[in-house]
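Line by line, the protein sequences give chains V and X.
All the letters of the first sequence, read from the start, carry residue numbers 40 to 150 under my numbering.
All the letters of the second sequence, read from the start, carry residue numbers 13 to 125 under my numbering.
Here a beta-carbon is modelled for each residue, glycine too, at the ideal position from N, C-alpha and C.
These numbers were taken from a predicted model, which means no experiment stands behind them.
First comes the structure, then the notes that go with it.
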Amino acid sequence: KNEVEQSPQNLTAQEGEFITINCSYSVGISALHWLQQHPGGGIVSLFMLSSGKKKHGRLIATINIQEKHSSLHITASHPRDSAVYICAVLAGGTSYGKLTFGQGTILTVHP
Amino acid sequence: DAGVIQSPRHEVTEMGQEVTLRCKPISGHNSLFWYRQTMMRGLELLIYFNNNVPIDDSGMPEDRFSAKMPNASFSTLKIQPSEPRDSAVYFCASSQERHQPQHFGDGTRLSIL
């Protein structure tokens with residue numbers, strides 16, 4: 040079993056829909072990252088969080104440390120949100136920033 | 013500010029050839045990471061440098077892979093000899109400190125024929 044599991048693996052939505060991508064992990068962590076990878080291949084860090092919730096524009100990330108679970112929400116989705124969303128965890132106690140990655144969620148938003 | 017710069021963007025070469033991938037981290041960042049991304053295995057850490065010193069190379073798949081960071085502004089990942097199974101996208105990332113977000117380069121798409 041992978042240390043980081045994402046669901047769903049594939050997600051198709053209509054423009055305007057509210058989207059949720061989930062990430063569960065099995066190890067103690069000090070932080071969790073949400074990354075976005077567009078079809079061109081570049082990877083962008085969206086959020087890094089260790090507790091609570093963060094919001095940036097239409098994107099919201101939450102984390103529950105006790106339940107070892109994080110969610111990424113996209114409100115009022117748009118076709119330009121189509122990308123692969125990757126959850127990555129920074130294991131607790133790690134002396135440096137080694138990330139363990141989920142397998143990614145492929146999001147397609149149709150106009 | 014310029015982001016992480018990788019070169020080349022694409023590389024196609026025949027098996028057995030030496031391949032060198034290059035990375036310039038963001039100025040002031042003291043942590044540098046090399047990752048490999050494949051369809052089968054997703055993103056995997058190959059090696060991590062802190063202040064130009066390799067800290068963890070446990071992800072380097074074989075002795076054919078080597079990485080150097082001769083100074084704070086340059087790193088290389090070398091594969092010699094290359095094999096078709098090395099075909100992947102190789103990303104370099106840097107961060108200011110260990111718990112800061114990592115900034116990724118655009119990647120090098122490597123194809124070994």
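query, result
"DSSP three-state call for Arg34(X): helix, strand or coil?", "strand"
"Thinking C-alpha only, which one of Ser123(X), Ile124(X), Leu125(X) and Gly119(X) is nearest Ile17(X)?", "Gly119(X)"
"Any Cβ of chain V within less than 7 Å of the Cβ of Leu55(X)?", "yes"
"Which residues in the same chain have their Cβ closer than 7 Å to the Cβ of Ile104(V), if we skip the five residues on either side of it in sequence?", "Ser90"
"Who are the neighbours of Gln45(V) on chain X, taking C-beta pairs under 8 Å?", "Near Gln45(V) there are no residues of chain X at all, since even the closest Cβ is about 10 Å away, more than 8 Å."
"With the cut-off set at 7 Å, would you say Gln75(V) and Ala115(V) are in Cβ contact?", "no"
"List, from N- to C-terminal side, the beta strand (DSSP E) runs of 3 residues or more that fit wholly inside the segment 76-108 of chain X.", "77-83, 86-91 and 100-107"
"Note down, in chain order, all residues in the segment 57-82 of chain V with a beta-carbon under 9 Å from any beta-carbon belonging to chain X.", "Ser69, Ala70, His72, Leu74, Gln76, Gly79, Gly80, Gly81 and Ile82"
"Which term fits Lys36(X), buried or exposed, when burial requires 16 or more other beta carbons within 10 angstroms of its beta carbon?", "buried"
"Using a 10 Å radius around the Cβ and a threshold of 16 neighbouring Cβ atoms, would you call Gly67(V) buried or exposed?", "exposed"
"Which partner residues does Met87(V) have in the DSSP bridge list?", "His72(V)"
"Considering just the uninterrupted stretch of the beta strand (DSSP E) at Phe51(V), what are its terminal residues?", "As written in the sequence, residue 51(V) is Thr, which differs from the Phe given in the question. Asn49 to Gln53 is the extent of the beta strand (DSSP E) around Thr51(V)."
"Determine the burial state of Ala127(V): buried for a count of at least 16 other Cβ atoms within 10 Å of its Cβ, exposed for fewer.", "buried"
"Just checking: is the beta-carbon of Pro113(X) within a distance shorter than 7 Å of some beta-carbon in chain V?", "yes"
"Helix, strand or coil, according to DSSP, for Ala118(V) in the structure here?", "The residue asked about is misnamed: residue 118(V) is Pro in this sequence, not Ala. Looking at Pro118(V) - three-state DSSP - the assignment turns out to be helix."
"Reducing DSSP to helix, strand and coil, say where Gly54(X) ends up.", "strand"
"Taking the CB atoms as reference points, tell me whether Glu23(X) and Leu125(X) lie closer together than 7 Å.", "no"
"Following the continuous beta strand (DSSP E) through Arg121(X), name the residue where it begins and the one where it ends.", "Thr120 to Ile124"
"Can you confirm whether Lys92(V), when its beta carbon is compared against all beta carbons of chain X, has any partner nearer than 7 Å?", "no"
"Helix, strand or coil for Asp69(X)? Go by DSSP, reduced to three states.", "coil"
"Please name the residue in Leu98(V), His108(V) and Glu106(V) whose C-alpha comes closest to that of Phe57(V).", "Leu98(V)"
"How many Å lie between Arg119(V) and Glu42(V) at the Cα?", "30 Å"
"Taking only beta-carbon atoms, is Lys107(V) less than 7 Å away from chain X?", "no"
"Rounded to whole angstroms, what is the Cα-Cα separation between Pro47(V) and His108(V)?", "14 Å"
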